[in-house]
Amino acid sequence: MVQKSEKYTVITGASSGIGYETAKAFAARSKNLIIVARRQNNLEALKNEILQKYPALDIVIKVTDLSILENVYRLYTDLKDYSLETWINNAGFGNYDSVAQQDLKKIETMLHLNVEALTILSSLFVRDYRDIAGTQLINLSSAGGYTIVPTAVTYCAAKFYVSTFTEGLAHELRESGAKMQVKVLAPAATKTEFGKVANDVSNYDYDKLFGTYHTSQQMAAFLLELYDSNKIVGTVDRENFSFKLCDPLFSYSGNSKHNQKTSK
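All letters in the sequence shown, in the order written, are residues 35 to 298 by my numbering.
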């Protein structure tokens, strides 16, 4: 099949929260979208909301559970006929509990989604688009991907992976002269479904339990700031909730004499 000439932005986890608002924010910039999530009704509502304001856009819905490995590969294969410009790995969820008491089936699913799916989709996208000017990969980490939070140790460890993987990939592409930009967004508390899922509850009061937080609309705006910048990291300070754009935060031993020697 002939690849479509129009360019598309892919957003996973688009059925609610930051992903939902990010889709609307990119639509406001006249970006065609491929929105991905498990809940078809939510995606249909998002598509209708966007098309009411921007009827000329093409909004493609992909309903899938990315915590299942075969679905991750199938999703990417299904998008081979589209010309992709930006890929945003937003799908993910958290967990609050001690390591000793955490529900291991939930943790297994969380790691499949937050780590495995993100890594595979990032790798496939970079493999195909690394040398195409204007392309961007943005991975959603967390302030907990730079700080260990009590009762969220496993979640933070998963997000540390996202942060280091994405920062390292950004270094790798810059050193190789690739044209793609790779970036990581690290929100702090954001009023989404995160609190309910992480705590396994049906109601979650952000005002009572956090007091200070960002809205999904605010985080989508921060993501656009990151998208527009030449910086690699966009992070929210957990103490004062300020947002800043910066260079990679983890040490990088790119020039160390102790690195493995590679043959030329």
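Think of the CB as a built atom: it goes at the ideal place given N, C-alpha and C, for glycine as much as any other residue.
Values in this document were obtained by computation on a predicted structure and should not be read as measured data.
Inter-residue CB distance, residue i and residue j (contact presumed, cutoff 8 Å)
i	j	result
residue 160	residue 214	7 Å
residue 219	residue 260	6 Å
residue 133	residue 188	6 Å
residue 262	residue 212	So it is not a contact: roughly 19 Å between Cβ atoms.
residue 101	residue 146	4 Å
residue 59	residue 258	6 Å
residue 247	residue 265	About 23 Å separates the two Cβ atoms, so there is no contact after all.
residue 72	residue 98	7 Å
residue 256	residue 277	5 Å
residue 49	residue 91	Not a contact, Cβ separation roughly 18 Å.
Reduced DSSP secondary structure (H/G/I, E/B, other) of residue i
i	result
residue 249	strand
residue 293	coil
residue 55	helix
residue 47	coil
residue 286	coil
residue 62	coil
residue 71	strand
residue 256	helix
residue 235	coil
residue 228	helix
residue 242	helix
residue 278	strand
residue 42	strand
residue 81	helix
residue 87	helix
residue 213	coil
Beta-carbon proximity of residue i to residue j, cut-off 8 Å
i	j	result
residue 51	residue 125	no
residue 120	residue 170	yes
residue 69	residue 45	yes
residue 80	residue 96	no
residue 192	residue 272	no
residue 201	residue 282	yes
residue 123	residue 174	yes
residue 172	residue 217	yes
residue 197	residue 284	yes
residue 118	residue 93	no
residue 199	residue 249	no
residue 186	residue 129	yes
Exposure of residue i, with buried meaning 16 or more beta-carbon neighbours within 10 Å
i	result
residue 280	exposed
residue 142	exposed
residue 43	buried
residue 65	buried
residue 269	buried
residue 35	Residue confidence is low: residue 35 scores 42 on pLDDT, short of 50, so the model does not pin down where it sits. No coordinate-derived value is stated.
residue 292	exposed
residue 227	exposed
residue 6	Outside the modelled stretch of the chain, which goes from 35 to 298, sits residue 6, for which no answer is possible.
residue 34	The requested residue 34 does not occur in the structure, where the chain is confined to residues 35 to 298.
residue 151	buried
residue 156	buried
residue 243	exposed
residue 103	exposed
residue 54	buried
residue 148	buried
Residue i at chain C interface by Cβ criterion, 8 Å
i	result
residue 169	Absence of chain C from the displayed structure is noted, only one protein chain being present.
Any chance you could list the beta strand (DSSP E) runs of at least 3 consecutive residues sitting entirely within the region 147 to 208, in chain order? Counting only runs of 3 or more residues that sit fully inside the region 147 to 208, the beta strand (DSSP E) segments are 170 to 174, in chain order.
Taking the runs of the beta strand (DSSP E) that are 3 residues or longer, which of them lie wholly in the region 92 to 141? Counting only runs that start and end inside the region 92 to 141, the beta strand (DSSP E) elements of at least 3 residues fall at 93 to 97 and 117 to 123.
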